[in-house]
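Each remark here refers to the structure printed beneath this line.
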C-alpha cells in the first residue's frame, strides 16, 4: 500500500488524509493554513511544511495529492521534487494538466476529481466517509502512466468511492453540464426572482427553493470552480442559451412550450431511471489499449469498483 | 359561515372541499371526472352534477370555487347562474379575470390562488391540511366586490392559509418569476445535462438533482401552468436570457463570473433572510381605499392573517 502525502487540508484534502489513514495507509499532510494545520495535528495527524512533505514523498515514493484551490496549484507544482507520483482533486482537469505540463513536466501525473463535497469548508468539515459511494473521476488520457493510474485508482477505491475513467476534456465537458451550469442557472434564477420584489419572494415555494439552493454556496468557491472550467462552461452556457431562446421564441410565436417541457421531463426521467452498472468486466491495466478501453467504459456510464494487482474490475450497464 | 361549492375535485379542489368541511362549512362539489366523483362520495362528501351544484350555490348564496384546469374554466363559467359569488384556484389570474369578464360578466368574481401543491393529482391526493401555512393570493384589483373579497379571504384563512393580496397582474408577474421560470430553467438544465450522455449523468450530484427536480412534474400540468401565463412568463424569460447572456459575455471576454455569482448569492440570502411579517395592522374592508391599501401591503411582503367582520388583521415586516 503506497504512502499518501496530501497538500492542502481543507474539506476535500482533509477528508482524503483521514480516509487514507483509515484505510491503513501511512499518511502525512501539509497546508498553508495555520488553522487547518493546528486542527489536523490536534486530531493526531502528521502535518509538516510543504517542502518537507514533498521531499518525504520523493524519498518514500509516495503518491502526492494536491488538494489546494486551482489558483494555488502552481505554487505547489513549483515546489515539487523531480519525478514524484502526483494526482490532484481539483474540480477541473484540463487546466491542471496544462499547468503540470508547463511547470512540472517531470511529474508522473494522473489527475483526479472526487465528486463529493458539502457547502462547508476547512479541516473541521472533513470526514473520512465523505467519498463513500461517490464517483471519483481518474484521468485516462493517452500517455498516462499506468502505474500511477493504478495508484490513484487504488486510493480512490480505498476511500469507498468508485472510479469513473475519462479523459480530462471529457471530464471537463461533463461537469460543466451537470455541476457548473447548475450554479450559473441557480444564480440567474435567484436574481430574476429577487427582481420581483417582496411580493415574489413571499410567494416563492418549492420550485424556486430547489432551483436556487446552490446559489447559497460560497461565491468565491463557485467562481473558482466555474471560471476554472471556462471553455467547457461556455459550451454548456451556449447550449442553455440556445434552448432557453428556443423556448422564448416558441412561447412568443405559438404560445407553446411543449418541446422544452417534454424534452426536460424525458431528460429528468433518464437521470432517475439510468441503468445500474451491473455487468462485470475486467481491464488489464498493462495492456496497450487499457486507457482507451477505460475511457470508453466511463463514456458509457461504467465504473471501476475494485483493483487486483494490475487488473481493474469494472461494472457497466 | 358561507356555504362552499367546489367545481373540480382534483388535488386542489378536493383539498379545498375537505378543508372547508373540516372548518365547519356546508359544502358540496361537482366534477367531470367520474373517478373523482366516486372517490369523493365514498369519502362521505356531497357530489352532484355541475348544473345542480351551481343552481344550489345560487339558491344558497354560496361561494363557488372553480378548481378545474384553465382550459376547462370557460365551460364552467358558461353554466354559471346570474350573480353568484365566484372565486377560482387557477395558477394564473389575469387570463381568468379576462375570461370571466367576457363569458360571465354578471358573476361577483374575486380570483384566488393557493400557493400549495404536490406532484400528485386527483381526489385521492387531496388533503384537508394542504393549505396550512401556505400563501393564498386573493385578487385585490380595483372594482373587486369587498363582500366577495371577504368571502374568499375567510375561506382561505379557514383552510389554515394566510392571504396575500395582489392585483391579478402583480400576481402573474410574481409567479412567472418564482414558479413558472423555475420549471422552464429546470427543463433546460435537464436537457443540457442529458446531452452530455451517460458520463455526465454518472457524475451528476446534488446541484444537478436540485436544479432539475421539478422537471419530473407531469409535463401537461407544467405546460398548462406556464403557457397560461404567457405574457408575464415572457418577461421573466427575457430577464433570465439577459442575465445568462451577460454571464456568457463576461466569461468569454474577461473569464469572470463575479457579477452573476455574487448577485445570485445575495438574492438567495435575501430569500433566506426575508423578514418575518410581525408588525400588526388592520384594514377596514369597507373603506374606499381598502383594495389599494391591501395591494400595497401585499407588494411589501405583508399578509392578512385573520378576519373579524369587515376588519382584516394583517402582518407586515
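Residue numbers (full-length UniProt numbering), protein chains in the order written: chain U, 1 to 317; chain B, 1 to 317.
Glycine included, C-beta positions come from ideal geometry on N, C-alpha and C.
Using a Cβ distance threshold of 8 Å, residue 257 of chain B and residue 140 of chain B do not count as a contacting pair. Interface flag for residue 115 of chain U against chain B is set, since a Cβ pair is found closer than 8 Å. The three-state reading of DSSP puts residue 241 of chain B in helix, counting H, G and I together. Under the three-state reduction of DSSP output, residue 2 of chain U falls in the coil class, being neither helix nor strand. Annotation: the segment 20-60 of chain U contains the following complete segments of the alpha helix (DSSP H) (minimum length 4 residues), in chain order: 34-42, 50-60. Around residue 247 of chain U, the same chain offers 257, 260 as residues with beta carbons nearer than 7 Å, after the five sequence neighbours per side are excluded.
The Cβ atoms of residue 66 of chain U and residue 143 of chain U do not sit closer than 8 Å to each other.
Listed along the chain, the chain U residues whose CB falls inside 8 Å of the CB of residue 216 of chain B are 265, 268, 269, 272.
Collapsing the DSSP output to three states places residue 219 of chain B in a helix. Around the beta carbon of residue 82 of chain U, fewer than 16 other beta carbons sit within 10 angstroms, so the residue counts as exposed.
Close to residue 207 of chain U, with beta-carbon spacing below 7 Å, are these residues of chain B in chain order: 179, 182, 183, 214. Of all residues in the segment 292-311 of chain B, only 298, 299, 300, 301, 302, 303 come within less than 9 Å of chain U when Cβ atoms are compared, listed by chain position. DSSP places residue 184 of chain U in the uninterrupted alpha helix (DSSP H) bounded by 181-194.
Residue 140 of chain U sits in coil when the DSSP states are folded into three classes, being neither helix nor strand. Sequence-distant partners of residue 117 of chain U (beyond 5 residues in either direction) whose C-beta falls short of 7 Å from its own C-beta, in its chain, are 11, 12. Within chain B, the residues placing a beta-carbon under 7 Å from that of residue 191 of chain U are 243, 263, 264, 267, ordered along the chain. Neighbours of residue 227 of chain B in chain U, taken as residues at a C-beta separation under 8 Å, are given in chain order as 251, 255, 256, 257.
The straight-line gap separating the alpha-carbon atoms of residue 179 of chain U and residue 195 of chain U is approximately 25 Å.
Counting along the chain, residue 87 of chain U sits inside the beta strand (DSSP E) bounded by residues 85-88.
If you ignore the 5 residues before and after residue 149 of chain U, its C-beta comes within less than 6 Å of the C-beta of 110, all in its own chain and listed in chain order. In the structure shown, residue 9 of chain B adopts coil according to DSSP, grouped into three states.
Residue contact check for residue 126 of chain U against chain B: no CB pair falls below 8 Å.
A residue is called buried when at least 16 other Cβ atoms come within 10 angstroms of its Cβ; residue 183 of chain B meets this threshold and is buried. Nearest Cα to residue 112 of chain B within the set B/162, B/76, B/104: B/162.
Here residue 309 of chain U carries a coil assignment [DSSP, helix/strand/coil]. Between the C-alpha atoms of residue 227 of chain U and residue 172 of chain U there is a straight-line separation of about 12 Å. In terms of Cβ geometry, residue 79 of chain B and residue 99 of chain B do not form a close pair [threshold 8 Å].
DSSP places residue 203 of chain U inside the alpha helix (DSSP H), whose first and last residues are 197-203. Here residue 253 of chain B is exposed, its C-beta having fewer than 16 other C-beta atoms within 10 Å.
At a Cβ-Cβ threshold of 8 Å, residue 61 of chain B and residue 25 of chain B do not count as neighbours. The alpha carbon of residue 302 of chain B has as its nearest neighbour, out of U/197, U/238, U/287, the alpha carbon of U/197. Annotation for residue 291 of chain U: the continuous alpha helix (DSSP H) segment containing it runs 290-299.
Inter-residue distance for residue 289 of chain B and residue 123 of chain B is about 40 Å (C-alpha atoms, whole angstroms). Membership of residue 153 of chain U in any beta strand (DSSP E) is not indicated; the residue belongs instead to the alpha helix (DSSP H) covering 146-158. Taking each of B/97, B/309, B/45, B/57 in turn and checking the Cα distance to residue 70 of chain B, the smallest one comes out for B/97. Counting only residues of its own chain and dropping the five nearest sequence neighbours on each side, residue 23 of chain U has a CB closer than 6 Å to the CB of 158.
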